[in-house]
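Okay, structure first, notes after.
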Amino acid sequence: METPPEISFRNLEPTEELKRDIRGRIENLENFYEPIITCRVMVEMPHKRHETGNQYHVRIDARVPGKELVVSQDPGDDPSREELSVALTSAFHAMERQLEDYARKQRGDVKHPDVDSVGRVRDLFLGEGYGFIESEDGREIYFHENDVREGDFEQLEKGTPVAFAEESGEEGPQASVVRPYPRSRP
């Protein structure tokens, strides 16, 4: 880390053991992404509750080259947040996932679903944002407007050739990626 981590506390008195625990968790974050430029951790006990127990808010800000990652976990009504260790573990796991995702994107390891089937738009319901593809083998495949890549859903027409990735949906086969075809396939 280029600068020493900052750890702050609000409405609670930290122990040396707690500070060591948080510093160790920050060091572990560097296993998920290096270099982390700065890291700030704030632990807060927003309200002191005498009857139901105290809940903790944990915020982690990590600056990496090109991006600021933030985890801010409010306790809400989650009774597990009455344990500081649970709140810390949850927040640090969330930051680990963000760092892993960011590193994966930088390496270009983002998964692209296989677009391995072709067909034609059979029905299109522009107002409702969905349609159906007729596959080469005559099956009906549902797709949603958010599944359309390399073009706009509104630009599709009945009979437009498309390439698509198929998956199982709750009510049958559906397309997870739809691309006008023939265009470059991933």
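Heads up: take any position in the sequence shown, counting from 1, add 108, and you land on my numbering.
Don't be surprised by glycine CBs; every beta carbon is placed ideally from N, CA and C.
Just so you know, these numbers come straight off a predicted model, no measurement behind them.
Whole-angstrom distance between residue j and residue i, CA atom to CA atom
{"i": "Thr268", "j": "Gln214", "result": "34 Å"}
{"i": "Pro173", "j": "Phe233", "result": "44 Å"}
{"i": "Phe251", "j": "Asp245", "result": "17 Å"}
{"i": "Met153", "j": "Val166", "result": "9 Å"}
{"i": "Thr197", "j": "Gly239", "result": "43 Å"}
{"i": "Val149", "j": "Arg212", "result": "24 Å"}
{"i": "Leu126", "j": "Thr111", "result": "21 Å"}
{"i": "Pro113", "j": "Ile134", "result": "8 Å"}
{"i": "Gly235", "j": "Gly280", "result": "22 Å"}
{"i": "Arg118", "j": "Asp209", "result": "30 Å"}
{"i": "Val179", "j": "Leu207", "result": "11 Å"}
{"i": "Glu138", "j": "Glu121", "result": "27 Å"}
Anticipated Cβ contact below 8 Å, residue i with residue j, distance rounded
{"i": "Arg171", "j": "Ile145", "result": "5 Å"}
{"i": "Arg257", "j": "Arg287", "result": "5 Å"}
{"i": "Ile241", "j": "Phe272", "result": "6 Å"}
{"i": "Val285", "j": "Val226", "result": "Wrong, their Cβ atoms sit about 12 Å apart, outside the cutoff."}
First and last residue of the uninterrupted beta strand (DSSP E) at residue i
{"i": "Tyr210", "result": "That residue, Tyr210, is in no beta strand (DSSP E); its alpha helix (DSSP H) goes 192–215."}
{"i": "Asp231", "result": "225–233"}
{"i": "Ala146", "result": "Here residue 146 is Thr; the residue named in the question, Ala, does not match the sequence. It spans 146–152 - the beta strand (DSSP E) in which Thr146 sits, taken as one unbroken run."}
{"i": "Gly237", "result": "Unbroken run through Gly237: none, as it is neither H nor E."}
{"i": "Glu114", "result": "114–118"}
Coarse secondary structure for residue i, derived from DSSP in three states
{"i": "Asn248", "result": "Per the sequence shown, the amino acid found at residue 248 is Glu instead of Asn. Looking at Glu248 - three-state DSSP - the assignment turns out to be strand."}
{"i": "Glu279", "result": "coil"}
{"i": "Gln181", "result": "strand"}
{"i": "Glu265", "result": "coil"}
{"i": "Arg293", "result": "Caution is warranted here: a pLDDT of 41 is assigned to Arg293, below 50, making its placement in the model unreliable, and no coordinate value can be reported."}
{"i": "Asp260", "result": "coil"}
{"i": "Glu253", "result": "helix"}
{"i": "Glu176", "result": "strand"}
{"i": "Glu110", "result": "coil"}
Alpha helix (DSSP H) segment containing residue i, residue limits
{"i": "Ile134", "result": "124–140"}
Would the region 251–266 count as touching the region 199–210 if we require 3 or more Cβ pairs under 8 Å?
No: the two stretches stay apart, fewer than three of their Cβ pairs being nearer than 8 Å.
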